[in-house]
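In our numbering, the protein residues as written are 37 to 174.
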(Lines of atoms letter the chains of each structure in order from A and count residues from 1; the text may use other names and numbers.)
(Lines give C-alpha, C1' and ligand atoms only; values in the text may rest on other atoms or scores of the structure.)
Protein backbone atom coordinates (compact mmCIF):
# COMPACT_ATOMS: atom_id res chain seq x y z
CA UNK A 1 0.00 0.00 0.00
CA UNK A 2 2.86 2.36 0.80
CA UNK A 3 4.38 1.83 -2.67
CA UNK A 4 1.02 2.61 -4.25
CA UNK A 5 0.76 5.90 -2.31
CA UNK A 6 4.31 6.84 -3.35
CA UNK A 7 3.46 6.01 -6.96
CA UNK A 8 0.31 8.16 -6.82
CA UNK A 9 2.20 11.06 -5.25
CA UNK A 10 4.92 10.82 -7.90
CA UNK A 11 2.35 10.70 -10.69
CA UNK A 12 0.53 13.73 -9.28
CA UNK A 13 3.81 15.64 -9.12
CA UNK A 14 4.72 14.75 -12.69
CA UNK A 15 1.30 15.76 -13.99
CA UNK A 16 1.37 19.06 -12.12
CA UNK A 17 4.76 20.09 -13.50
CA UNK A 18 5.00 22.46 -16.46
CA UNK A 19 7.71 20.32 -17.99
CA UNK A 20 5.35 18.21 -20.11
CA UNK A 21 5.94 18.55 -23.82
CA UNK A 22 5.13 16.36 -26.78
CA UNK A 23 5.74 16.37 -30.48
CA UNK A 24 3.43 14.57 -32.89
CA UNK A 25 3.43 13.99 -36.61
CA UNK A 26 -0.17 14.63 -37.63
CA UNK A 27 0.25 14.38 -41.40
CA UNK A 28 3.46 12.72 -42.61
CA UNK A 29 5.13 14.05 -45.74
CA UNK A 30 3.22 12.93 -48.82
CA UNK A 31 1.97 14.13 -52.18
CA UNK A 32 -1.71 15.02 -51.84
CA UNK A 33 -4.17 16.05 -54.54
CA UNK A 34 -7.26 16.88 -52.51
CA UNK A 35 -8.50 18.09 -49.16
CA UNK A 36 -6.88 16.06 -46.39
CA UNK A 37 -8.32 15.46 -42.94
CA UNK A 38 -6.35 13.93 -40.06
CA UNK A 39 -7.75 11.35 -37.71
CA UNK A 40 -9.23 12.69 -34.49
CA UNK A 41 -6.53 13.68 -32.00
CA UNK A 42 -7.21 13.20 -28.30
CA UNK A 43 -5.78 15.80 -25.96
CA UNK A 44 -3.86 14.48 -22.96
CA UNK A 45 -2.69 17.25 -20.62
CA UNK A 46 -1.75 20.00 -23.04
CA UNK A 47 -3.74 23.24 -23.25
CA UNK A 48 -2.30 24.49 -26.52
CA UNK A 49 0.12 23.79 -29.33
CA UNK A 50 2.11 25.07 -32.25
CA UNK A 51 0.97 23.36 -35.44
CA UNK A 52 3.84 23.42 -37.91
CA UNK A 53 2.75 23.16 -41.55
CA UNK A 54 5.60 22.65 -44.04
CA UNK A 55 5.00 22.73 -47.80
CA UNK A 56 7.86 21.24 -49.82
CA UNK A 57 6.34 21.08 -53.33
CA UNK A 58 3.63 23.17 -55.03
CA UNK A 59 1.90 22.93 -58.43
CA UNK A 60 1.86 26.63 -59.30
CA UNK A 61 -1.11 28.92 -58.67
CA UNK A 62 -3.38 26.67 -56.60
CA UNK A 63 -3.53 27.01 -52.82
CA UNK A 64 -3.86 24.95 -49.64
CA UNK A 65 -5.39 26.26 -46.42
CA UNK A 66 -4.67 24.54 -43.09
CA UNK A 67 -7.13 24.71 -40.22
CA UNK A 68 -7.58 23.27 -36.75
CA UNK A 69 -11.03 22.03 -35.76
CA UNK A 70 -12.48 20.98 -32.44
CA UNK A 71 -15.09 18.26 -31.99
CA UNK A 72 -18.06 18.62 -29.66
CA UNK A 73 -19.77 15.90 -27.61
CA UNK A 74 -22.25 15.21 -30.42
CA UNK A 75 -19.52 14.65 -33.02
CA UNK A 76 -19.82 18.03 -34.74
CA UNK A 77 -16.62 19.75 -35.88
CA UNK A 78 -16.07 23.50 -35.50
CA UNK A 79 -13.23 25.78 -36.58
CA UNK A 80 -10.76 26.97 -33.95
CA UNK A 81 -8.19 28.51 -36.27
CA UNK A 82 -8.10 28.82 -40.07
CA UNK A 83 -4.73 29.58 -41.62
CA UNK A 84 -3.98 31.68 -44.69
CA UNK A 85 -4.33 30.22 -48.19
CA UNK A 86 -0.77 29.23 -49.14
CA UNK A 87 0.71 29.02 -52.62
CA UNK A 88 4.47 28.63 -52.05
CA UNK A 89 6.86 26.28 -50.30
CA UNK A 90 7.79 27.16 -46.73
CA UNK A 91 6.85 26.82 -43.09
CA UNK A 92 3.72 28.22 -41.45
CA UNK A 93 3.03 27.94 -37.73
CA UNK A 94 -0.53 28.04 -36.38
CA UNK A 95 -0.62 28.74 -32.63
CA UNK A 96 -3.38 27.89 -30.18
CA UNK A 97 -2.89 28.64 -26.50
CA UNK A 98 -4.99 30.33 -23.80
CA UNK A 99 -4.04 33.97 -23.32
CA UNK A 100 -1.80 34.49 -26.34
CA UNK A 101 -2.47 37.44 -28.60
CA UNK A 102 -4.89 36.78 -31.43
CA UNK A 103 -3.40 37.04 -34.93
CA UNK A 104 -5.71 36.69 -37.92
CA UNK A 105 -5.06 33.35 -39.62
CA UNK A 106 -2.12 32.65 -37.30
CA UNK A 107 -2.85 32.54 -33.57
CA UNK A 108 -5.87 31.94 -31.34
CA UNK A 109 -6.10 32.59 -27.57
CA UNK A 110 -8.12 29.42 -27.13
CA UNK A 111 -7.66 25.98 -25.59
CA UNK A 112 -7.33 22.71 -27.42
CA UNK A 113 -10.56 20.79 -26.86
CA UNK A 114 -10.53 17.17 -25.76
CA UNK A 115 -10.83 16.04 -29.39
CA UNK A 116 -9.54 17.97 -32.38
CA UNK A 117 -8.25 17.43 -35.90
CA UNK A 118 -6.39 19.12 -38.75
CA UNK A 119 -7.93 19.79 -42.16
CA UNK A 120 -5.94 21.01 -45.17
CA UNK A 121 -8.24 22.29 -47.92
CA UNK A 122 -7.00 22.26 -51.53
CA UNK A 123 -8.30 24.87 -53.98
CA UNK A 124 -7.98 22.41 -56.87
CA UNK A 125 -6.97 18.81 -57.55
CA UNK A 126 -3.29 19.56 -58.16
CA UNK A 127 -0.40 18.00 -56.24
CA UNK A 128 1.04 19.54 -53.07
CA UNK A 129 3.59 17.88 -50.82
CA UNK A 130 3.39 18.84 -47.14
CA UNK A 131 3.59 17.78 -43.52
CA UNK A 132 1.81 18.88 -40.36
CA UNK A 133 3.36 18.37 -36.92
CA UNK A 134 2.39 19.60 -33.47
CA UNK A 135 4.52 20.81 -30.59
CA UNK A 136 2.23 20.57 -27.58
CA UNK A 137 2.76 21.99 -24.12
CA UNK A 138 0.69 22.63 -21.05
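For glycine and all other residues, C-beta sits at the position ideal for the given N, C-alpha and C.
Taking Cβ to Cβ, would you say residue 63 is nearer than 8 Å to residue 162?
No, Cβ-Cβ distance for residue 63 and residue 162 is not below 8 Å.
How would you write the range of the beta strand (DSSP E) that residue 171 sits in, first residue to last?
164 to 173
Can you tell me which of 140, 110 and 97 puts its alpha carbon nearest to the alpha carbon of residue 158?
97
Since I believe residue 106 is in contact with residue 78 (beta carbons under 8 Å), could you give me their beta-carbon distance rounded to a whole number of angstroms?
In fact, because the Cβ distance is near 12 Å, the residues do not count as touching under 8 Å.
Which same chain residues, not among the five before or five after residue 120, have their C-beta less than 8 Å away from its C-beta?
101, 128, 141 and 142
Considering only the beta carbon of each residue, do residue 155 and residue 73 sit closer than 8 Å?
yes
DSSP puts residue 83 in a beta bridge; with which residues?
The partner list for residue 83 (beta bridge, DSSP) is empty, contrary to what the question assumes.
Got a sec? Which residues, its chain only, sit under 7 Å from residue 139 by beta carbon, not counting five neighbours each side?
none
Taking 6 Å as the limit between beta carbons, can you name the residues of its chain near residue 86, skipping five residues before and five after?
129, 131 and 171
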